[in-house]
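Okay, so here's the structure we're looking at.
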Amino acid sequence: MQTLLAMIRKEFLQLKEDKRLLAISLVAPVIMVTLFSYAANIDVNNIKVAFVDPDNSSITREIRDKFSQSGYFTVTEVGKDAREADYWLDAGKARVVVVFPEDFSAKIQQRISAPVQLLIDGADGNTASIATAYSMGILNTYNQQIITEIMNTLPVKPKLASVSAETRIWYNPDLKTMNFMVPGILCLVLLISTMITTSMSIVKEKELGTLEQLIVTPIKPWQIIGGKLLPFSITATIVVILLLGVNSVLMEVPLRGNVFALIFLIYIYLITTLGLGLFISTVSNTQQQAALTAIFMIMPPMIFFSGFIFPVENMQMIIQWISVIIPLKYMLVMVRGIFLKGIGLELMWQEALILFGFSVLILWGAIMRFSKKLE
Amino acid sequence: MTNGFSIDIKNLTKKFGAFTAVDDVSFSVKKGEIFGFLGPNGSGKSTTIRMLCGLMSPTSGTAEVAGFDINQNPEQVKTKIGYMSQRFSLYNDITVSQNIDFWGTLYKVSASDMKERKETLIADLNLEDWKNRLTQTLPGGIKQRLALGCAMLHQPEIIFLDEPTGGVDPVSRRNFWSVIDQLSASGTTVFVTTHFLDEAEYCQNVGMIYNAKLIALGSPTALRENTFKETSIELDVSNPMEAVSIIPDHPDVAESSIFGNLVHAILKPGISWSPDVETSFRTFLENRHLVLKSAEPVVPSLEDVFIHLIDQISKGKA
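So the sequences go chain by chain: A and B. Under the numbering used here, the first residue of the first sequence carries the number 152, and numbering increases by one thereafter. Under the numbering used here, the first residue of the second sequence carries the number -6, and numbering increases by one thereafter.
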């Protein structure tokens, strides 16, 4: 016990002197979460729209106004020649070009269907499909308006039945990307800060030769491991509190569930991340190797296969199979559940158990690999 | 201590893949002795010391260190020994005082013993003014004495020093060896590796390791006498370049070589240095118009011994 306490004390004394490690473990996570949260925004607004409007009638001007007033579009160009559309799209001056024919208003007035051409920049598929949907919506609303106007001119109003959709969006009613991303980023940042700092701290001792001096004393392996993992779980706790604080002030992602359930899960998750850090340190001899192993071997599958950005259900079957062994996948489901849905462990005990299983497995594997011998 | 030996090594071998770092090495070190383990870089010194400290498992063979088998009880061995590796390996980023406390706790030194030993250590090294400063601010020589002090806090039976004087200035080196002498006088066995062969003169016994094999073992004096049966003399002559080609004609001389401004001559077997021989040299040189200013026998250094042994090994191979 004395030995373990001496190890923990030493680790904090060193952390106090090592400004870089201190910054990586405490300040960087907060900055990363804040920056990530604002950058990782796939909400679509301010879509650049341009119009080819040789007609330039009151009707086309009304439609143009409906685009600019919708809140989703910014009108960048208005011209008369359809050939200009190519240039606008090529040069990125517009993502959507609406092309009215010359006889557009004449046809509407004669109550003949009038075609409108929509040219969409499809390079970014996500934005393109959203822009298409918004454009269609605006044009449909205008159609409704025409029909209503015509109906109002009729002496006898015909009875019409229609399906009216009453939409309620649950959990994230404003469909803000940030609400979806922040809980995930929290998990990712914890992974990076604890895994990298733990592995760096052990490998640094290997590089300096102090690890050799440590293992020539009667210290037990569990005391070395505990002396490394406990200090970093304490700094991680501080990071979690800081991050929740930053969230409630800046990002304002609602935390609807139980904070204690969240913290309980975070501790299970930390066993995984610290275990991974320890594991990396057993396969690396230099801090560069440790960093590269973390960045190239651990981070990519964690980021891409966990559902952090791309939903697991959309992936190829083989990737879905791989994702089964990604601990972050389970953590993400639970953290998003607690933040946004406000649900508790009673609905997520399976994920919690699986994550716990991974934690124990990874930590046990790392401890087995960690030996008090030099080879 | 089964047989009065502090360290008893039997057929110790360590292989890294196809490379043999230590090849069937056996020897013993008596309690309280300063044992020098000599050899060039990469000859297997550090690997041997790491096996003896329980830091590496031997591929085959064994050793008893402070009465414990290094294969069966490496953790017991660790309670009885102190170890100082080649590189300074205290924590640079905590204070001197914190380092002493840390290593003392790891060696399970009781709080009361600790207080006294810490005070003694700080007083011995004159570190009163430095104890609350970061360890990295200490001068090299002091750092190394502190590292030795930290490795000795639990008063081990044996202290292993791996190249303790590498990169240390000559004055600090001499001080360091006087500390080692004191340790040995108080009954601690000192096992020290070095590639400075002059330092081996401080040792009671030395082992020489070359290409993973033990090539010589014994006291420095015995090694010299056993290796060089013939007498070497050093001659100060008026014209050394001319003298070196003439001297082999002298009936008592086996070979000669130039050594700075001096000439070294090895006498034929069975001939020792005497005033008569000196007179015959003087006359011999005067007849050839050379003046002998002085002449005296020289004691071969351990470096001469080591180089001679290596030469013999490479001749044996060829």
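All residues carry an ideal CB built from backbone N, CA and C; glycine is no exception. Only a predicted model underlies this, so the values are computations on that prediction, with no experimental measurement involved.
Contact set for residue i: own chain, Cβ-Cβ below 6 Å, skip 5 residues either direction
i: A258/B; result: I226, I240, V246 and S249
i: M(-6)/B; result: Residue confidence for M(-6)/B is low, a pLDDT of 44 falling below 50, so the modelled location carries little weight; the figure read from the coordinates is stated next. These residues qualify, in order along the chain: G60.
i: S53/B; result: T6
i: G228/B; result: Reading off the sequence, residue 228/B comes out as Leu, not Gly. Only V256 and A288 meet the Cβ criterion.
i: I306/B; result: none
i: I264/B; result: D245
i: E162/A; result: P382
i: L362/A; result: E356
i: E223/B; result: I259, L260 and P262
7 Å CB neighbourhood of residue i in its chain, flanking five on each side removed
i: A282/A; result: V195, I198, R246, V247 and I271
i: K357/A; result: N436
i: N232/B; result: L283
i: F507/A; result: I419
i: G159/B; result: Q79
i: W239/A; result: A201, E228, A245 and V248
i: E168/A; result: none
DSSP beta-bridge partners of residue i
i: M77/B; result: L154/B
i: Y203/B; result: K206/B
i: F202/A; result: V229/A and V249/A
i: H257/B; result: E227/B and S250/B
i: N198/B; result: F28/B
i: L62/B; result: The sequence shown places Asp at residue 62/B, not Leu. Note: D62/B sits in a beta bridge opposite E57/B.
i: F184/B; result: F28/B and F153/B
i: G211/B; result: V199/B
i: F224/A; result: I198/A
i: S21/B; result: D1/B
i: A288/B; result: L228/B
First and last residue of the uninterrupted beta strand (DSSP E) at residue i
i: L31/B; result: I27 to L31
i: D1/B; result: F(-2) to F9
i: G54/B; result: S53 to V58
i: T185/A; result: No beta strand (DSSP E) contains T185/A, which is instead part of the alpha helix (DSSP H) from A179 to A190.
Exposure of residue i, with buried meaning 16 or more beta-carbon neighbours within 10 Å
i: H282/B; result: exposed
i: M201/B; result: buried
i: L311/A; result: exposed
i: M158/A; result: buried
i: K261/B; result: exposed
i: M519/A; result: exposed
i: F12/B; result: exposed
i: D206/A; result: buried
i: K524/A; result: exposed
i: W321/A; result: exposed
i: N219/B; result: exposed
i: N294/A; result: exposed
i: E192/B; result: buried
i: E150/B; result: buried
i: Q268/A; result: exposed
i: S176/A; result: buried
i: K480/A; result: buried
i: Q439/A; result: exposed
i: A242/A; result: exposed
Within chain B, the residues that residue i reaches when beta carbons sit closer than 7 Å
i: V354/A; result: Here the premise fails: no neighbours, minimum Cβ distance about 15 Å.
i: Q364/A; result: S78 and S82
Opening and closing residue of the alpha helix (DSSP H) in which residue i lies
i: T292/A; result: G276 to T304
i: E356/A; result: T328 to L359
i: S474/A; result: M468 to S474
Partners in chain B for residue i, counting only beta-carbon separations shorter than 8 Å
i: D169/A; result: D86
i: T361/A; result: S82, L83 and Y84
Contact set between residue i and chain A, taken where Cβ atoms lie within less than 9 Å
i: E57/B; result: None at all; the shortest Cβ gap to chain A is about 18 Å.
i: Q91/B; result: R160, K161 and L164
Chain-ordered chain B contacts of residue i [CB-CB under 9 Å]
i: P382/A; result: Here the premise fails: no neighbours, minimum Cβ distance about 14 Å.
i: I376/A; result: Near I376/A there are no residues of chain B at all, since even the closest Cβ is about 15 Å away, more than 9 Å.
i: L525/A; result: R43, L48 and M49
Close-in-space but distant-in-sequence residues of the same chain around residue i (CB under 8 Å, 5 per side omitted)
i: T225/A; result: N197, I198, K199, V200 and S219
i: A56/B; result: I0, D1, I2, K3, L5, M44, L45, D62 and I63
i: A140/B; result: M77, F81, S82 and L83
i: W472/A; result: none
Residues that residue i contacts on chain A, provided the C-beta gap is smaller than 7 Å
i: L99/B; result: T154, A157, T368 and I370
i: F95/B; result: A157 and K161
i: E68/B; result: P369
Chain-ordered chain A contacts of residue i [CB-CB under 8 Å]
i: T72/B; result: P369
Closer than 7 Å: residue i CB and nearest the ligand FAD heavy atom
i: L339/A; result: Only the bare structure without any ligand can be found here, which leaves the ligand FAD out of the picture.
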